[in-house]
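In terms of mature numbering (1 follows the signal peptide of the UniProt record, and there is no 0), the sequence shown is residues -20 to -1, 1 to 102. Don't be surprised by glycine CBs; every beta carbon is placed ideally from N, CA and C.
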Amino acid sequence: MKKLLLSSFAAFSIATAASAGIQADTNTNTAHAAEQSSTQSVHDRFIAAGGTEAMWENIVMPESGGNPNAVNELGYQGLGQTKEAWGTGSVEEQTKGMIQYAVDRYGSIDQAIQFREANGWW
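#1: May I ask you to report which of helix, strand or coil DSSP gives threonine 62?
#2: Kindly identify the DSSP beta-bridge partner or partners of glutamine 74.
#3: For glycine 31, does the count of other Cβ atoms within 10 angstroms reach 16, so buried, or fall short, so exposed?
#4: Tell me the rounded alpha-carbon separation between asparagine 47 and alanine 92.
#5: According to the Cβ coordinates, are threonine 75 and glutamine 57 closer than 8 angstroms?
#6: Which value, in whole angstroms, describes the spacing of the CA atoms of glutamine 80 and leucine 59?
#7: By DSSP's criteria, valine 22 is part of a beta bridge. Which residues make up the other side?
#8: Give me the Cα-Cα distance between serine 21 and isoleucine 39, rounded to the nearest whole angstrom.
#9: Using DSSP's beta-bridge definition, name the partner residues of glutamine 57.
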């Protein structure tokens, strides 16, 4: 939703500025690019810490949108949306915690993904 609003605002700003003969402000586009770059950096750190692409796509993105500081209305936090200690800290700490949780609770990352896909939570 946030990206849709940013895109809509940017398009409106550019169109309005163009019709008024003013050069468009590129701060909105710059902010959008920085947001994408930041998310990519978290992804790269997640993968480098031992996370898998499947875990990123099927657990991290649906749970937190790739935001290591995400907190939902029930107080679950981090990349994997948990109340466990591994839900805070660096991307690397959160990744290691998620992997350990997947193995301890479900037997493997793949089984954790299967559970999440079947139930909408993990």
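Per the coordinate set shown:
#1: Translated into the one-based positions of the sequence shown, residue 62 becomes position 82. It is a strand residue.
#2: Your numbering for residue 74 matches position 94 in the sequence shown. Its beta-bridge partners do not exist; DSSP assigns none.
#3: Numbered from 1 along the sequence shown, position 51 holds the residue referred to as residue 31. When all chains shown are included, glycine 31 counts as buried.
#4: The residue given as residue 47 occupies position 67 in the sequence shown. The residue given as residue 92 occupies position 112 in the sequence shown. Using only the alpha carbons, I get a separation of about 20 angstroms.
#5: One-based indexing of the sequence shown puts residue 75 at position 95. One-based indexing of the sequence shown puts residue 57 at position 77. Cβ distance not < 8 angstroms, so threonine 75 and glutamine 57 don't count as in contact.
#6: The residue given as residue 80 occupies position 100 in the sequence shown. The residue given as residue 59 occupies position 79 in the sequence shown. Each residue's alpha carbon lies about 14 angstroms from the other.
#7: Here residue 22 refers to the residue found at position 42 of the sequence shown. Note: valine 22 sits in no beta bridge, so no partner.
#8: One-based indexing of the sequence shown puts residue 21 at position 41. One-based indexing of the sequence shown puts residue 39 at position 59. Rounded to whole angstroms, serine 21 to isoleucine 39 spans 17 angstroms at the Cα level.
#9: Taking the first residue of the sequence shown as 1, we reach residue 57 at position 77. Looking at the DSSP assignment, glutamine 57 forms a beta bridge with Val51 and Thr62.
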